[in-house]
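In the numbering used here, the protein residues as written are 314 to 406.
Presented below is the structure to which this report refers.
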Amino acid sequence: MKQVAKIAANSNSNSIINTGAIVEHDWRIGAHVHIARGVVLSGGVEVGDHVHIGTGAIVIQGIKIGAGSVVVASNQIVYPAGSHTQAISSVEK
Numbered sequence: 314m315k316q317v318a319k320i321a322a323n324s325n326s327n328s329i330i331n332t333g334a335i336v337e338h339d340w341r342i343g344a345h346v347h348i349a350r351g352v353v354l355s356g357g358v359e360v361g362d363h364v365h366i367g368t369g370a371i372v373i374q375g376i377k378i379g380a381g382s383v384v385v386a387s388n389q390i391v392y393p394a395g396s397h398t399q400a401i402s403s404v405e406k
């Protein structure tokens, strides 16, 4: 079965939200964004253009991820990520 979500109101062209991702309310997603399987975007998250969010990453409410950034798989993002940032971890483990 093919699963397709048409989400036009808050996203721009050529963005992909994979099956199994959870995208909450009041978000904005830029152009050419890839949100991998298992990602959780809480409410009010803003994602800039050309961003990749890896499998299983969690972005808490109200966070902004700048254009050209990469969020590594299984990460928890609790602080904003500026443009062209590789977010390896924003939570001490």
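Each residue gets a CB set at the ideal place from its N, CA and C atoms; glycine is no exception.
Requested in this report: Please classify Ser382: is it buried, with 16 or more other beta-carbons within 10 angstroms of its beta-carbon, or exposed?
Outcome: buried
Query raised in the report: Does DSSP classify Glu337 as helix, strand or coil?
Result: coil
Report task. Take Asp362 and list the residues in its own chain whose beta-carbon comes closer than 8 Å to its own, dropping the five residues that flank it on each side. Result -> Asn325, Gly343, Ala344, His345, Val346, Ala380 and Gly381
Query raised in the report: Less than 8 Å separating the beta-carbons of Gln374 and Gly357?
Result: yes
Query - Euclidean distance between Cα positions of Ile330 and Thr398 - result: 20 Å
Query raised in the report: Considering only residues of the same chain and omitting the five flanking positions on each side of His338, which have a CB-CB separation below 6 Å?
Result: Gly356
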